[in-house]
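Residue numbers (UniProt numbering): 1 to 373.
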C-alpha cells in the first residue's frame, strides 16, 4: 500500500534485453556477436538451457519479466524507470575493440512497452555498442514507442537533458549520467556536434558542482529530482568513498533520489538526509544464466525497488525491495530460502550505512533512523 500521500516510483538497475534475451523473443535479430568468448548470441541461450535443464522455446514479448509484471502492477506505481543497457537496432556496425556488443531488434520493443516501462536511462556502457548508427536508431525507436529518455543523445545538450515527467501536477526530473569506472569508453562522451552519452569526467567535487548547476538550471524548488548514475565495476560490495561523497553532494544540493547501477548484484542503500541513495541496484534482466565464476554473489537473485516519496518535500517515506530469481531467462518470485540469503547479505552491507532490512514474506523492507539536525 502507498503511504497516505506519496509518489511511488519503481526503479530497476540494468535491463539487458539484447543478445540472448533478444534471441528468444518473437523477432530475434542477427545472432552474430564479436566476443572472444562466444560468436553467436544463440550460445547464451544454450548456456541457459544447460543451466535450467529445459529447452527455451520462442517466448512472448513480456516473457523475461515473468512474475515481476504482477508485482509491478499490484503496486500501482506512478512511474517505472529502468536503465536500458542495450542498443535497439538492426545496425551491424559494431564498436570495434570493445569486446561485448548488446543489441535488441527494434521489432522486439514490446518487451519493454508490454511491461509499461515509462522511462529508459541510457547513459551506460552498451548503448553505443553498435556505433552511432545504432544509437540513432535506438533513440528513434524508443521515442516512437512513447518512451521518455535521458542520458544519451545526438549531442551533449540532448544527452544531458533530463527526462521530464508530470505526475498529478507534480514535475519529476530524471537526469542520467555515467562514469568511466563502469566501462564507458571516453570516446562515447557526447559533444556539441557528436552523439553519445552524458559522461562524467570524474567523481570529484568540481564535477559534482557542474552537474548540480546544470540540475538547478532545469529544475524549480517544487520539483522532484532524481539522478541516475552508471558507475563502478561489476562485482564487489564495497562502496568507494568517491561515490558516497558525490552522492552526498547531490543530495545536499536538493536531489531527492540517487539511483546507481552497473554492478551485477545488489549493493548497499543509504538514507542520507531522508533521501534514498541506491549505490548499486544490480541487474534486473540479463542473459547470464549458466555463466560461472561469481556464484558467491548469487547474481541470479534480482531486486526491483519500490520507492515512495513525499510529493511536497521529496523525503523518502518507504523503500521496498522486491526479490526475484532469474530462471530460464525469466524473473520468478524468490522463495523463502533465497529471500533469507538476500536479507542476511544485504543486512551485512546495510548495517554500516545505518539501515535495517526486514523480510515481510513477499518483499524486503528497509527501516532507518530519523534524520538528525
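Even for Gly, the Cβ is constructed at its ideal location relative to N, Cα and C. These numbers come from a predicted model, not from an experiment.
For the stretch 285-335, the full-length beta strand (DSSP E) segments reaching 3 residues or more read 301-309, 316-327 and 330-333 along the chain. The Cβ atoms of residue 280 and residue 261 lie closer than 8 Å to each other. With respect to the 8 Å criterion, residue 321 and residue 308 are not classified as neighbours on the basis of their beta carbons. Closest by C-alpha distance to residue 153, out of 138, 164 and 114, is 138. Boundaries of the alpha helix (DSSP H) around residue 70: 68-74. Inclusion of residue 211 and residue 242 in the CB contact set at 8 Å is not warranted, their separation being larger than that value. Here residue 241 is not bridged, per DSSP, to any residue.
Taken atom to atom, the span from the alpha-carbon of residue 94 to that of residue 358 is near 45 Å.
Around the beta carbon of residue 209, fewer than 16 other beta carbons lie within 10 angstroms, which makes this residue exposed. With a beta-carbon spacing of about 4 Å, residue 176 and residue 150 fall inside the 8 Å limit used to define contacts. Three or more pairs of CB atoms, one per stretch, sit closer than 8 Å, so the stretch 223-233 contacts the stretch 166-183.
Taking the C-beta atoms as reference points, residue 109 is found nearer than 8 Å to residue 88. Counting C-beta atoms within 10 angstroms of its own C-beta, residue 163 has 16 or more neighbours from the protein chains shown and is therefore classed as buried. The stretch 5-13 and the stretch 70-79 touch, with no fewer than 3 CB-CB distances between them shorter than 8 Å.
C-alpha of residue 282 to C-alpha of residue 179: approximately 16 Å in a straight line. Collapsing the DSSP output to three states places residue 269 in a strand.
Residue burial is scored here from C-beta neighbours: residue 131 has at least 16 other C-beta atoms within 10 angstroms and is therefore classed as buried.
With fewer than 16 other beta carbons inside 10 angstroms of its own, residue 166 counts as exposed.
Nearest to residue 125 by C-alpha distance, out of 193, 360 and 185, is 185. The alpha helix (DSSP H) runs of length 4 or more contained entirely in the stretch 44-118 are, from start to end of the chain, 68-74 and 110-113.
Between residue 218 and residue 251, the C-beta spacing is not below 8 Å. Judged by DSSP in its simplified three-state form, residue 157 adopts helix. A distance below 8 Å separates the beta carbons of residue 332 and residue 66.
Using a Cβ distance threshold of 8 Å, residue 263 and residue 232 count as a contacting pair. Ranked by Cα distance from residue 236, the options 182, 169 and 47 are led by 182.
Annotation for residue 137: the continuous alpha helix (DSSP H) segment containing it runs 131-144. Spanning the alpha carbons of residue 259 and residue 315 requires a straight line of approximately 15 Å.
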